[in-house]
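Below you'll find the structure, written out as structure tokens, and then a few comments.
Residue numbers (my numbering), protein chains in the order written: chain A, 1 to 237; chain B, 1 to 234; chain C, 1 to 218.
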């Protein structure tokens with residue numbers, strides 16, 4: 001009933017059309033890299049900021065999620081906006097089920113933001129020298145689950161924004177309040193992964209970060225479920 | 001092919017306070033071709049999109065029955081209705097063949113690559129199937145729309161201005177498509193402004209949109225000659 | 001009947017407002033006990049905001065899933081406007097309270113943050129509505145957003161308090177008189193919400209009729 005073949009078709013189509021133009025890929029990648037550069041310029045100027053390890057880690061955690069949020073807001077709305085702009089939504093609505101369209105696009109968006117996170121996270125942490133006490137496994141788990149939640153909410157909000165005539169900035173506006181619970185947990189978890197609030201060797205980072213991972217996982221599950229249910233009504237209008 | 005019956009009762013559509021369609025009714029069964037005529041802005045395209053399930057009507061009902069089973073669910077309707085109209089667009093960075101393969105996949109059609117190539121050959125795009133749709137001319141796009149609608153192979157075929165931008169050979173192709181649909185026992189609804197094309201229908205209904213008064217004035221001014229072609233032969 | 005209800009509502013609201021000033025004793029345990037009485041206006045506003053938010057989400061859902069009745073969309077929209085107003089009043093009364101009791105109007109306390117994010121949701125909701133022309137698309141898209149936000153915000157209420165230290169008082173400092181006034185005032189404000197909601201719906205209906213008339217005349 002989940003229609004693996006249809007989801008696979010939408011997912012592949014998203015990747016293929018993106019790969020031939022690389023518009024979302026290049027714009028978001030440059031956005032992420034530019035953001036890291038600005039953060040490094042702001043915090044590594046002369047005279048250097050005298051931050052201790054926990055402060056640097058906290059600043060890095062906050063900046064990382066601000067960066068991922070705005071990177072997502074520049075690229076993840078395209079999935080639905082393009083269908084409406086180019087009129088392909090019509091043919092898609094004639095042939096595809098709501099669940100297949102949403103899941104296929106969500107998976108492609110998740111892949112995009114995860115790919116960007118894989119580039120941006122180590123860059124930012126090295127640039128701010130915040131990785132001295134890093135727990136790489138926890139960091140990976142937090143970033144991955146957070147990105148899945150961002151992809152879910154932004155794919156859904158992107159479907160709404162696609163209906164509006166003035167789209168610029170609207171995706172960020174719509175998704176920010178809905179993403180707030182994800183951000184507090186993700187930032188807290190990232191700080192734990194960077195060694196804030198955990199004493200090395202005594203309390204393993206996972207003990208601190210487990211609650212955050214649970215919040216992030218439940219956020220992902222709830223947002224995917226809610227988006228799937230509501231998108232069905234929008235698609236079969 | 002399965003037997004189909006479509007009954008449209010008093011369909012109307014308003015966008016907010018703006019009424020674009022009022023009171024269209026029609027009934028058609030397997031093998032019939034119905035032309036939908038009417039002036040520009042009379043709501044022909046809106047009517048076809050309502051039947052296709054792309055727009056929700058403001059009033060009235062549509063009953064689709066295939067093999068005595070009523071089709072109500074949107075997912076079931078997708079397997080019964082296909083549509084080709086001027087605003088049907090394809091992914092410009094994909095080739096024609098990739099476009100059709102994609103839509104066949106999401107509809108889970110049991111169709112092979114050879115089948116898709118055949119449907120491209122059938123609309124005269126055999127040699128251009130590997131070109132990205134972005135470089136297609138408007139006539140080629142129109143042929144691709146026909147290939148899309150016929151590939152879906154549904155009992156109900158909706159054609160909105162199918163001869164738009166087509167050359168003579170293309171116009172023949174439209175007639176062939178409609179005849180094939182008739183021979184298969186399907187129903188075709190054909191929205192057109194072209195009196196000659198409307199002749200392809202067994203009968204015609206007239207969409208008579210919001211501007212009903214304006215429209216009747218038009219008839220009065222233009223005289224019966226202006227509309228007689230639209231009545232069809234039924 | 002409606003007139004009587006309005007008169008009763010007016011008298012009750014007046015009575016509870018007077019009680020908040022005259023009957024309530026200063027709340028002991030606060031830095032400025034006599035000024036803490038603003039909670040008798042603050043909490044009821046928060047209640048009315050939550051009720052309005054629920055009404056907005058429920059009619060949004062009804063519009064989306066049950067036949068796209070324009071009246072449901074209008075109900076959802078008006079409830080959202082009123083929810084935003086009550087959120088605003090809650091924020092303002094809360095800031096007055098915080099200024100005198102905690103020393104600063106804004107502290108990023110969990111409840112402050114939640115109500116602020118709720119305000120952001122309504123702001124985004126109206127921006128989204130403004131961006132869509134076709135009334136049905138506008139209604140469906142806005143409804144989908146308000147329902148989605150309605151599903152995600154309880155998560156907010158659960159998650160935020162875990163992460164931000166709270167300054168909000170636990171209710172031990174307020175005596176029974178406070179409870180009476182706060183609940184009574186809440187009932188009044190919810191009544192006022194219902195009344196405003198009703199006016200708003202009638203306004204939308206008249207506007208729709210006027211548009212239709214205009215269209216038929218044209």
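Beta carbons: idealized from backbone N, C-alpha and C, even for Gly. The structure presented is a predicted model; accordingly, all values stated were derived computationally and were not measured.
- It is roughly 14 Å from the alpha-carbon of residue 97 of chain B to the alpha-carbon of residue 149 of chain B.
- Taken through DSSP and simplified to helix, strand or coil, residue 86 of chain A comes out as helix.
- Relative to residue 60 of chain B, the option among B:51, B:68 and B:66 whose CA is nearest is B:51.
- Along the stretch 129-144 of chain C, going in chain order, the ones with a CB nearer than 7 Å to a CB of chain A are 131, 132, 133, 137, 140, 141 and 144.
- Per DSSP, residue 15 of chain B is one residue of the beta strand (DSSP E) stretching across 4-15.
- When only Cα atoms are considered, residue 206 of chain B and residue 6 of chain B end up about 17 Å apart.
- Interface annotation, residue 109 of chain A: not in contact with chain B, CB-CB separation never under 7 Å.
- The alpha helix (DSSP H) runs of length 4 or more contained entirely in the stretch 90-160 of chain B are, from start to end of the chain, 96-106, 113-122 and 138-152.
- In the DSSP assignment, residue 192 of chain B falls outside any beta strand (DSSP E) and carries neither an H nor an E.
- Residue pairing from DSSP places residue 71 of chain B in a beta bridge opposite B:64.
- When C-beta distances to chain C are compared with 9 Å, the residues of the stretch 10-29 of chain B below that value are 14, 15, 16, 17, 18 and 19, in chain order.
- Residues of the stretch 160-178 of chain A with a C-beta less than 9 Å from any C-beta of chain B: none at all.
- Non-local beta-carbon contacts of residue 52 of chain C in its own chain, meaning distances under 6 Å to residues more than five positions away in sequence, involve 79, 82, 83, 86 and 193 in chain order.
- Distance check between residue 212 of chain C and each of B:127, B:101, B:17 and B:10 places B:17 closest, using alpha-carbon atoms only.
- Among the residues of the stretch 73-84 of chain B, none has a Cβ less than 9 Å away from any Cβ of chain C.
- Under the Cβ criterion (8 Å, minimum of three pairs), the stretch 97-106 of chain C counts as touching the stretch 29-42 of chain C.
- For residue 205 of chain B, the uninterrupted beta strand (DSSP E) run begins and ends at 203-206, by DSSP.
- Residue pairing for residue 27 of chain B: DSSP places it in a beta bridge opposite B:7.
- Per DSSP, the continuous beta strand (DSSP E) segment holding residue 83 of chain B begins and ends at 81-84.
- For residue 175 of chain B, the secondary structure class from DSSP, reduced to helix, strand or coil, is helix.
- Not a single CB atom of chain A sits nearer than 7 Å to the CB of residue 136 of chain B.
- Of the other Cβ atoms in all chains shown, 16 or more fall within 10 Å of the Cβ of residue 235 of chain A; this residue is therefore buried.
- Annotation: residue 174 of chain C to residue 27 of chain C spans about 6 Å, alpha carbon to alpha carbon.
- Between the beta-carbon of residue 102 of chain B and that of residue 88 of chain A there is about 10 Å, and that puts the pair past the 8 Å contact cut.
- No residue range can be given for residue 50 of chain A, since it is assigned to no alpha helix (DSSP H) and is classified by DSSP as neither H nor E.
- Annotation: Cβ neighbours of residue 211 of chain C in chain B (cutoff 9 Å, chain order): 16, 17 and 18.
- In the same chain as residue 16 of chain C, and ignoring 5 residues on each side of it, the C-beta atoms closer than 7 Å to its own belong to 181, 184, 185 and 188, in chain order.
- At a cut-off of 7 Å between beta-carbon atoms, residue 165 of chain B makes no contact with chain A.
- Put simply, the backbone Cα of residue 168 of chain A is about 13 Å away from that of residue 130 of chain C.
- Contact between residue 162 of chain A and residue 81 of chain A holds, with the beta-carbon distance rounding to 5 Å and staying under 8 Å.
- For residue 91 of chain C, same chain residues with a beta-carbon under 8 Å away, outside a window of 5 residues either side, are 112, 115, 116 and 119 in chain order.
- In its chain, beyond the 5 residues on either side, 160, 161 and 164 have a beta carbon closer than 7 Å to the beta carbon of residue 86 of chain B.
- In terms of Cα proximity to residue 89 of chain C, the closest of C:61, C:138, C:55 and C:50 is C:50.
- For residue 84 of chain A, the closest Cβ of chain B is not nearer than 7 Å.
- Note that the C-beta distance between residue 77 of chain A and residue 171 of chain A is below 7 Å.
- For residue 13 of chain A, a Cβ of chain B is located within less than 7 Å of the residue's own Cβ.
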